[in-house]
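The structure appears below as structure tokens.
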Amino acid sequence: MPDSQGRMITTVSVVFAVLSVFVMILRLFARIVILGKMGLDDILICIAALLAWAFAVATIIAVHHGLGQHMDEVMKKGTANLNTYSQTVWLSSIFYNACLGFLKSSILAFYLRLGDPQLKRLAQILLAIVICQALANVFTCIFQCTPVAAAYTSELQKTSKCVNISAFYLTNAALTILTDLLTYILPFHLVRKLQIPRRQKIGLGVMLGLGLFTCMSSIIRITYIPNMLFSKDQTWTISGPMYWSVIETNVGILTASMPAFKAIAKKYAPKLLGGSYDSNRYPSRSVHIRAGSSGFHKMGGTGGSNHMALDTIDRDLGMSKGRFQTTINQDTDSVSSSEEALHPPDRIGVTRQVHVEGESRSVFEERNSLSSHKDHRELS
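In structure tokens form, the structure reads like this:
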């Protein structure tokens with residue numbers, strides 16, 4: 001029996017494709033069924049998943065036409081089989097580069113919704129770079145030869161004009177690693193500032209670790225490329241880059257989808273998050289305070305027997321009289337389930353209103369967000 005890596009390539013392709021299918025089902029369930037909404041990042045990751053599966057299918061088809069076998073064995077099957085193999089590999093390169101573009105664009109689109117101004121600016125810049133890189137790579141793969149069919153037709157290769165494909169693959173691999181690293185380490189400064197339960201920190205660590213594993217897949221893949229480009233036994237040496245590319249794209253989908261899984265955990269296994277909001281411990285309250293010359297005095301509240309202790313605040317309003325109202329409610333609208341991956345799950349919103357009567361009448365409102373454990377420590 002001829003020596004072949006085809007079975008390993010097929011197994012890797014099937015296993016990781018099935019994994020990403022399962023991941024996408026969970027992600028769409030979380031976004032559509034539980035949350036009832038989808039964002040731009042969800043649409044982009046769906047396109048990336050379709051391209052990743054197309055790449056896996058193309059890889060398996062290429063195995064049936066000689067991928068993973070030695071070139072001598074492939075040549076025995078005839079020129080038509082070799083051309084079919086070359087065309088399948090040509091298509092797979094298009095699927096791969098397009099998939100990476102949509103995958104990283106989805107992750108960056110998610111960063112845009114997290115609300116951090118610095119992260120948003122950096123994500124916008126990197127998103128523009130990723131889109132340009134993906135477009136350049138896809139068009140280079142498609143039009144690498146003139147005529148286009150010369151890229152996968154052996155009869156046309158002697159008379160055709162093609163780009164230096166070796167230089168393209170090496171440059172593309174290096175740039176892919178760079179943009180991968182930038183994409184996955186971009187939110188690190190935001191994560192460091194979080195004060196969240198230990199279990200959530202572990203979850204974030206797993207997510208970021210998978211992102212770095214995706215980068216490692218790209219690094220491992222690039223080590224195969226020089227040998228692949230300059231070897232005469234290309235159907236054999238291309239095996240490593242092909243299955244590592246399958247791993248890279250499908251693990252990337254898993255990494256990009258992990259924030260959406262929090263909605264499922266919150267609904268069906270809230271204890272996994274390391275804590276949940278307790279409505280009995282932190283009830284919704286409304287406190288009315290009247291301003292006088294000596295400060296503010298509490299007028300009433302709606303918290304049952306749970307009263308909020310507020311110290312007297314000596315503040316000169318410069319007005320004849322006024323009323324200060326503070327309402328604390330659970331903040332569930334400001335942060336989506338996906339965004340909660342980088343925010344504490346038990347957040348409350350504090351709305352403060354000041355109604356002033358006298359010569360100068362005004363109403364102003366300020367809104368901020370505090371973690372519930374901090375509220376319990378400082379206000380109880």
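If you're matching positions, the sequence shown starts at 1 in UniProt numbering and goes up one per residue. Ideal Cβ positions, reconstructed from N, Cα and C, are used throughout, including at glycine. Every value quoted in this text rests on a predicted model; they were computed, and no experiment measured them.
Practice item. For F22, count neighbouring C-beta atoms within 10 Å of its own C-beta (all shown protein chains included) and say buried if the count is 16 or more, exposed if not. Key: Exposed.
Point to revise | Euclidean distance between Cα positions of I129 and T255 | key: Their Cα atoms are separated by approximately 21 Å.
**Study point:** Host alpha helix (DSSP H) of I9 (start-end)
**Key:** Where I9 is concerned, the enclosing alpha helix (DSSP H) stretches over G6 to L28.
Practice item. Mark Y268 as exposed unless 16 or more other C-beta atoms lie within 10 angstroms of its C-beta, in which case mark it buried. Key: Here Y268 is exposed: its Cβ has fewer than 16 other Cβ atoms, across all protein chains shown, within 10 Å.
Review point. Since C145 sits in a beta bridge, which residues does DSSP pair it with?
Key: C162
Review point. Would you say H65 reaches chain B, if we count a Cβ-Cβ gap shorter than 9 Å as a contact?
Key: The chain labelled as chain B is not found in the depicted structure, where only one protein chain is given.
Review point. Taking Cβ to Cβ, would you say Y152 is nearer than 9 Å to V89?
Key: yes
Review point. What does Q69 pair with, by DSSP beta-bridge criteria?
Key: S4
Exercise for review: Confirm, please, whether the CB-CB distance from G39 to R113 is below 9 Å.
Suggested key: yes
Point to revise | Residue from D116, L175 and L126 with nearest C-alpha to N137 | key: Ranking the options by Cα distance to N137, first place goes to L175.
Check your understanding: Grouping DSSP H, G and I as helix and E and B as strand, with all else coil, what is S231?
Key -> Coil.
Practice item. Tell me whether P226 sits in a helix, a strand or coil according to DSSP, three-state version. Key: Note: P226 maps to helix in three-state DSSP.
Exercise for review: Look up Y111 in the DSSP assignment and say whether it is helix, strand or coil.
Suggested key: helix
Check your understanding: A309 to P187, Cα distance in whole Å?
Key -> At A309 the pLDDT is 40, less than 50, meaning the model places this residue with poor confidence; the figure from the coordinates comes in the next sentence. So the alpha carbons of these two residues sit roughly 37 Å apart.
Practice item. May I have the straight-line CA-CA distance separating A123 from L108, to the nearest angstrom? Key: 6 Å
Check your understanding: Are the region 56-69 and the region 7-15 in contact at 8 Å, needing three or more beta carbon pairs?
Key -> yes
**Study point:** Terminal residues of the alpha helix (DSSP H) in which residue 384 lies
**Key:** In the structure as shown, the chain begins at 1 and stops at 380. Residue 384 is therefore absent and cannot be evaluated.
Review point. Where L19 and P117 are concerned, what is the direct C-alpha to C-alpha distance, given to the nearest angstrom?
Key: 34 Å
Exercise for review: Work out the CA separation of G36 and T235 for me, nearest whole Å.
Suggested key: 47 Å
Exercise for review: Please classify V74: is it buried, with 16 or more other beta-carbons within 10 angstroms of its beta-carbon, or exposed?
Suggested key: Buried, because 16 or more other Cβ atoms sit within 10 Å of the Cβ of V74.
Review point. A150 lies in the alpha helix (DSSP H); which residues open and close that run?
Key: Run containing A150: none; DSSP gives neither H nor E here.
Practice item. Verify whether the separation of the beta carbon atoms of T214 and V251 is less than 9 Å. Key: Contact flag set, yes.
Practice item. Could you name the residues of the same chain whose beta carbon sits closer than 8 Å to that of T237, not counting the 5 residues immediately before and after it, in chain order? Key: Y224, N227, M228 and S231
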